[in-house]
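There are 2 protein chains.
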Amino acid sequence: MKETEIKKIENVKVTDDFWRRRMDVIRDEVIPYQWEAINDRIPDAPASHAIQNFRIAAGETSGEFFGFVFQDSDVAKWLEAVAYSLESDPNPELEKTADQVIELIERAQQKNGYLNTYFTVKEPEGKWSNLRDRHEMYCAGHMIEAAVAYYQVTGKRKLLDIMCRFADHINAVFGKEENKIPGYDGHQEIELALVKLYQETGLKRYLKLSKYFIDERGQKPHFFDYEKEARNDDKKFWWNDEYGDYSYHQAHLPVREQKEAIGHAVRAMYMYTAMADLARETGDESLKEACETLWENVTQRQMYITGGVGSQDFGEAFSFDYDLPNATCYTETCASIGLVFWAKRMLGIEKNRKYADVMERALYNGTISGMDLDGKKFFYVNPLEVWPKASEKRKDKEHVKPIRQKWYSCACCPPNLARLISSIGHYIYSTDRNEVFVHLYMGNESELDIGGQKVQIVQETKYPWDEHVKLTLTPETSSEFTMAVRIPGWCEGAILKVNGNIVEIPSCLKNGYAYLTRMWEKGDEIELFLPMPIERIRANPKVRENAGKVALQRGPVVYCLEEVDNGTNLSSIRLPQDAKLQGTFEENLLEGIYIITAQAEQVDETEWNEELYKPIEHKTKPFPLKAIPYYSWCNRKPGEMIVWIAEN
Amino acid sequence: MKETEIKKIENVKVTDDFWRRRMDVIRDEVIPYQWEAINDRIPDAPASHAIQNFRIAAGETSGEFFGFVFQDSDVAKWLEAVAYSLESDPNPELEKTADQVIELIERAQQKNGYLNTYFTVKEPEGKWSNLRDRHEMYCAGHMIEAAVAYYQVTGKRKLLDIMCRFADHINAVFGKEENKIPGYDGHQEIELALVKLYQETGLKRYLKLSKYFIDERGQKPHFFDYEKEARNDDKKFWWNDEYGDYSYHQAHLPVREQKEAIGHAVRAMYMYTAMADLARETGDESLKEACETLWENVTQRQMYITGGVGSQDFGEAFSFDYDLPNATCYTETCASIGLVFWAKRMLGIEKNRKYADVMERALYNGTISGMDLDGKKFFYVNPLEVWPKASEKRKDKEHVKPIRQKWYSCACCPPNLARLISSIGHYIYSTDRNEVFVHLYMGNESELDIGGQKVQIVQETKYPWDEHVKLTLTPETSSEFTMAVRIPGWCEGAILKVNGNIVEIPSCLKNGYAYLTRMWEKGDEIELFLPMPIERIRANPKVRENAGKVALQRGPVVYCLEEVDNGTNLSSIRLPQDAKLQGTFEENLLEGIYIITAQAEQVDETEWNEELYKPIEHKTKPFPLKAIPYYSWCNRKPGEMIVWIAEN
């Protein structure tokens, strides 16, 4: 097995207040609820049938397939979340349930390795006939990810073996060789999963297959046309742009020629993640450059301040540079999660805080906003501005729900959040030979393998609320290695100390990481003070939507105004440029948050009666503004919400 | 024939610079082009087939019906525009062509009076089976309007007789009596047309039929359900809201119970117009109150500053109070035209400048913006903010075209504008016994019938650019009557003179009209000075979209910024509250317009590189702002446009 920094960091025990609370919710609420859901035992939720589909495919019960073509992926994502949950919180009963599901999956697998309940049950003759729309490999990819995670955590190989058999089958069916299908999936996912499978098994054929899928994508003659012709399908695809039918799936150009994020945002994120994986694993410079170009495009042109991506409902997709409407965005939870995946892989290519900054931005804002605090309801769309009446009355805002929803029939986001949060410990560190990179700040107790020896690291912090982080190191024996700690891009004036002595950050800073190379002794302490003044953030003036507005941010946390705190018509509030912004930690509000208050102004409506338009002076009255972290909105009385506040 | 103030004012000869130019364009460009279009002689335009459909229906040629179910209405609106054009500009050749079309229409009429080429040719058994969707009476209504206009102008009865026969047939088919269909049309139009037919013929049955349609609308059990059942249609209607399937057609409630404008905006405007007609003709107080309530709702809650209505693309419809997005509105040209019709009818109920103010607002802004200056291209959607790239790339802005289009296949707006502009002289005055109301200011030479005698009125003005209006009266003999001249609601400090002597306006002002009652002699002059400072107009703070923004208006003309004058990214411009606004008449720009310039500011982008978000001070640099009348936008190089400008 190949040693690599992407390899799972073992023994990271998250002790963090902020994240542990979310992990508990996933463990206690989300995973059990999702289990009930995929077993159709939630009375008022839409039927899932996901487990039942496997039973039917296994020949153990009769009945029809029910659900989306990608229904199997709900089981896969549940299993992956279970694996990560078992890693931090062993639970023999849950593990037994998972084992039973895995046995069921094995029984549903066909002799040749094929595994997909939709095609097995409903359309056996249709296998591999419509890669563009039918998600066969997407489901396979999620199950491979689950298999790798489950093996890493439990040491049990069964699901890994099942998925190796399926991957081998796919490898036998797809490729450029004669008698193979020269194609790739319409929903990228297997590409990144195959890299994980390669990393875990060391079997190069999985890496090669992933590379084949990525290299082949967007080549001419176009595979989607080839398979359309083969199945006598002459219908125009519903998404169509200057690139024709293909850009929804990022298959409009060979991936190395793609310069701008386009199409379905989740597909894009998963593909870029795999591209970064492959660039690192194969040393492919042109692929690395493509990743970097796409990264710049997304994060400098098409990303919301919350780390959300996908500016439009149509196609749940990217639109174009600087088009970032707050009230009609899509910004799917899954897309922000995908951005986290991609950022992690970019850190695998290059240790540069710009990747960790975006990862952190998405983690503290646009991903966890997708779940309410008690883990019972979910946003798929994470808007930056909500007027509930508009969501109710306007078709073009129908997708923007003013309150989180229970389990959906297309249940992609909740299990995706479950697997991300359960595995949050994997995002804190990475190691590279005798270097340890500290990407994220959250309390944990870990044992890392650095240059062949074990080093215990205890990280203590009240991040993201508190400015202080302390890392205590305990190497087996004194040894020289490097601790590279990230100085976040949002932070001015950070102070770094080793054993109480200030280290001049500029002297050791490279790409945003402070490199501390020395003989580390047991009990050595690294302390970091990350000043977190409340910042007024402006958007690039090319973002027309945010002209004249500011967003409030403190540390990595983006704030918003809610109606429950600020009354109705949030657009009538003005934040004077010289208003003092005050921060207070409110222990009992929304599980403990740092709030921001200010003496702001509000348009004085007293001279307005029933007129709609008139020449009148702009008059304001004092207004006490109260902002809360964006992720925590919509956990009290539903109402309006804005992130971008008008300035005076 | 009943004498009424709605009756056509004869002998109004428009001499006005502003409007005469538009009438010429309609006469020289639009009417001939539309004639070619409905005869399928425009090479690059979508096929119309409208005349051919009549030939087929008349049995004079073979072939299939082609086009929308309402294709006949294109011919009707063309004929109506021709009639009004002949009124101001006699043209024997054009009249001969129209006569031939009318003869063709007669030959296409069925023996029982029925007239609709779609059902005659394509679906004879389907007549009157789907009033909700099939527009049979909508087409009838437009042809009735054409018939009345053509008779009034030319004195030729043929089309009037044809349409009386059809109206009589409809009267025999529809009603509450047994063996009649208890229904009404899905697209209101015949209701207002029947009132015109009644006013012209004096035949009460047409008024009664109109009243029946209006009274029956929205009653339970619902007619749309009745006819759905009759044709075994169990499909859900595509528009659905808290009122079910009916509000798209304003058939969700009996009309007197409707308090808010809802559904398809053009349908709404035509219905409210008919309601006002009926309220006046029948003295029905409850109907009058309903009109007033709806008027307040539309003009105080759901109308754009341009006189546009219809806040959303979906259903080309109203959305809800104060929801007035600038970049995703529908604001169809036809809906603004409908608002003009309705305003004129409200003036028939009550002489109150609030109706004329709105009529004027729509006329100088949201209607004529629908046509380019040379009459060759048209907007259906009249947005208040355009970012061409967003129109190209975003599905939810696809309906907002950044440039006017040629003749559409659904060609409702161009002929609607043609008939409105050709008949603009009919909107200037109304008479009520021995009172003359001057609603609009535009140059004209007219002969009005006042209390039994002819009075010549010459109105001279360079409105809307110039503040001075002069009316010279020439009664046959000296006689006492009232000249009631409107003091526009936008105007502060108007000065009124009779024969050079100032009249104290407050002393004679009633509902916005200055009543001048006296013995009028030949050569008496009324002069009006309407100060037109450039105004910064604000929207009611409940209009979230326009928070922190102002629109510029001078007289009745609303202004906008275009990219061709102000560069790209118009949202980066700030108009300081104390910036001096300067007006200049530019003879050679856009056929002569008054422009507004100001020393404004623009966000200084020099400190922005590739970042998307950062804490940075708001810095601006001086920016010379140039605004042009909204109606004239998109007549030069296409690009961005905004009406609402950010303030500093």
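Residue numbers (numbering that gives the first Met the number 0), protein chains in the order written: chain A, 0 to 647; chain B, 0 to 647.
Positions of the beta carbon are idealized from the N, C-alpha and C atoms, including for glycine.
One or two residues paired with G243/B in a DSSP bridge | Working through the second sequence from its first residue, we reach residue 243/B at position 244. G243/B is bridged to D240/B.
Would you mind telling me which residues of chain B sit closer than 9 Å to Y440/A, beta carbon to beta carbon, in chain order?
-> Mapped onto the first sequence, residue 440/A falls at position 441. Y440/A does not reach chain B, its nearest Cβ partner there being about 20 Å away, counting only Cβ pairs nearer than 9 Å.
T327/B versus E228/A - alpha carbon distance | Residue mapping note: residue 327/B aligns to position 328 of the second sequence, counting from 1. Residue mapping note: residue 228/A aligns to position 229 of the first sequence, counting from 1. Rounded to whole angstroms, the separation of the alpha carbons of E228/A and T327/B is 38 Å.
Simplified DSSP assignment, three categories, for N500/A = Numbered from its first residue, the first sequence carries residue 500/A at position 501. Look at N500/A here: in three-state DSSP terms it is strand.
Determine the DSSP secondary structure at R20/B, reduced to helix, strand or coil.
-> Taking the first residue of the second sequence as 1, we reach residue 20/B at position 21. Helix.
Have a look at the DSSP bridge pairing and note the partners of A49/B.
-> For the purposes of this step, residue 49/B is taken as residue 50 along the second sequence, with counting starting at 1. Its beta-bridge partners do not exist; DSSP assigns none.
S445/A versus H134/A: straight-line alpha-carbon distance, rounded | To locate residue 445/A, count along the first sequence from 1; it is residue 446. To locate residue 134/A, count along the first sequence from 1; it is residue 135. Computed Cα separation, rounded: 38 Å.
Candidates N351/B, L159/B and Y271/B: which alpha carbon is nearest D214/B's?
-> Counting from one through the second sequence, the residue named residue 214/B turns up at place 215. When only C-alpha atoms are compared, the closest one is Y271/B.
Would you grab the beta carbon distance between K157/B and S318/A for me? Rounded to a whole angstrom, and I think it's under 8 Å.
-> The residue labelled residue 157/B in the question sits at position 158 within the second sequence. The residue labelled residue 318/A in the question sits at position 319 within the first sequence. Not a contact, Cβ separation roughly 55 Å.
Is I180/B helix, strand or coil when you go by DSSP?
-> Mapped onto the second sequence, residue 180/B falls at position 181. Assigned with DSSP and collapsed to three states, I180/B falls in strand.
To the nearest whole angstrom, what separates the beta carbons of D224/B and F236/B, a pair I think is in contact under 8 Å?
-> In the second sequence, counting from the first residue as 1, residue 224/B sits at position 225. In the second sequence, counting from the first residue as 1, residue 236/B sits at position 237. Actually they do not touch by this definition, with Cβ atoms about 10 Å apart.
Three-state secondary structure (DSSP) at K625/B?
-> Taking the second sequence and counting its residues from 1, the one referred to as residue 625/B is at position 626. Here K625/B sits in strand by DSSP.
Starting from the Cα of A316/B, find the closest Cα among S246/B, A361/B and E295/B and give me that residue.
-> Position 317 of the second sequence, counted from the first residue, corresponds to residue 316/B. Among S246/B, A361/B and E295/B, the Cα nearest to that of A316/B belongs to S246/B.
Identify whether V603/A lies in helix, strand or coil by the three-state DSSP scheme.
-> Translated into positions along the first sequence, residue 603/A becomes position 604. According to the sequence shown, residue 603/A is Asp rather than Val. Collapsing the DSSP output to three states places D603/A in coil.
Any C-beta of chain B sitting closer than 8 Å to the C-beta of W237/A?
-> As a working mapping, residue 237/A is identified with position 238 in the first sequence. Taking 8 Å as the threshold, the shortest C-beta distance from W237/A to chain B does not fall below it.
Expressed to the nearest angstrom, what Euclidean distance is found between the alpha-carbon atoms of A49/B and H186/B?
-> Here residue 49/B refers to the residue found at position 50 when the second sequence is read from its first residue. Here residue 186/B refers to the residue found at position 187 when the second sequence is read from its first residue. Their Cα atoms are separated by approximately 19 Å.
What are the start and end residues of the beta strand (DSSP E) that includes I648/A?
-> Residue numbering for chain A in the displayed model covers 0 to 647; residue 648/A lies beyond these limits and cannot be assessed.
Which residues in the same chain have their Cβ closer than 6 Å to the Cβ of R279/A, if we skip the five residues on either side of it in sequence?
-> Sequence index remark: in the first sequence, residue 279/A carries index 280 (1-based). Shown here for R279/A: same chain residues with a beta carbon closer than 6 Å to its own, the five before and five after excluded, namely G347 and I348 in chain order.
Where does the unbroken alpha helix (DSSP H) through R133/B begin, and where does it stop?
-> Position 134 of the second sequence, counted from the start, is the residue given in the question as residue 133/B. From DSSP, the alpha helix (DSSP H) with R133/B extends over L130 to R133.
Does the Cβ of D577/B have 16 or more other Cβ atoms within 10 Å, making it buried, or fewer, making it exposed?
-> The sequence position of residue 577/B within the second sequence is 578, counting from 1. Label assigned to D577/B: exposed.
Cβ neighbour criterion (16 or more within 10 Å) applied to D15/A = Within the first sequence, residue 15/A is the residue found at index 16, counting from 1. So D15/A ends up on the buried side.
Mind checking which residues open and close the beta strand (DSSP E) that includes N443/A?
-> Within the first sequence, numbered from 1, the residue matching residue 443/A stands at position 444. Following the DSSP letters along the chain, one finds N443/A inside the beta strand (DSSP E) bounded by residues N443 to I449.
Helix, strand or coil at E610/A [DSSP, three-state] = Working through the first sequence from its first residue, we reach residue 610/A at position 611. Correct three-state label for E610/A: coil.
Does the beta carbon of G547/A come closer than 8 Å to any beta carbon on chain B?
-> Residue numbering aside, residue 547/A sits at position 548 when the first sequence is read from its first letter. Yes, G547/A counts as interfacial toward chain B.
Any C-beta of chain A sitting closer than 8 Å to the C-beta of L611/B?
-> Mapped onto the second sequence, residue 611/B falls at position 612. At least one CB atom of chain A sits nearer than 8 Å to the CB of L611/B.
Work out the CA separation of L93/B and R21/B for me, nearest whole Å.
-> Working through the second sequence from its first residue, we reach residue 21/B at position 22. Working through the second sequence from its first residue, we reach residue 93/B at position 94. Here the alpha carbon of R21/B sits roughly 19 Å from the alpha carbon of L93/B.
So, is the C-beta of T327/A closer than 8 Å to a C-beta in chain B?
-> By 1-based counting over the first sequence, the position of residue 327/A is 328. Any Cβ of chain B closer than 8 Å to the Cβ of T327/A would place that residue at the interface, and such an atom is present.
Per DSSP, which one or two residues make a beta bridge with P358/B?
-> If you number the second sequence from 1, residue 358/B lands on position 359. Here residue 358/B turns out to be Met, not Pro, going by the sequence shown. Residue pairing by DSSP leaves M358/B without any beta bridge partner.
DSSP puts H263/A in a beta bridge; with which residues?
-> Against the first sequence, residue 263/A aligns to sequence position 264. Bridge pairing for H263/A: A316/A [DSSP].
Given a cut-off of 8 Å, decide if R535/A and G582/A are closer than it, judged by their beta-carbon atoms.
-> Residue numbering aside, residue 582/A sits at position 583 when the first sequence is read from its first letter. Residue numbering aside, residue 535/A sits at position 536 when the first sequence is read from its first letter. With contacts defined by Cβ atoms closer than 8 Å, G582/A and R535/A do not form a contacting pair.
Amino acids of chain D, ordered along the chain, whose beta-carbon sits closer than 7 Å to that of K388/B = The question asks about chain D, but that chain is absent: this structure's protein chains are A and B.
Grab me the residues of D648/B's own chain with a C-beta within less than 7 Å of its C-beta, minus the 5 sequence neighbours each way, in chain order.
-> One cannot answer for residue 648/B here, as it falls past the ends of chain B, which runs 0 to 647.
Does the Cβ of A171/B have 16 or more other Cβ atoms within 10 Å, making it buried, or fewer, making it exposed?
-> Translated into the one-based positions of the second sequence, residue 171/B becomes position 172. The residue is exposed, with fewer than 16 neighbouring Cβ atoms inside 10 Å.
DSSP on E2/B, reduced to helix/strand/coil?
-> Taking the first residue of the second sequence as position 1, residue 2/B is located at position 3. Note that E2/B scores 35 on pLDDT, short of 50, meaning its location in the model is unreliable and no value can be drawn from it.
Have a look at V556/B, L611/B and S429/B and flag the residue whose alpha-carbon is nearest the alpha-carbon of P628/B.
-> In the second sequence, counting from the first residue as 1, residue 628/B sits at position 629. Answer by Cα proximity: V556/B.
Go to D431/A, then tell me how far its beta strand (DSSP E) extends in each direction, as first and last residue.
-> Here residue 431/A refers to the residue found at position 432 when the first sequence is read from its first residue. Per DSSP, D431/A belongs to the beta strand (DSSP E) from Y428 to D431.
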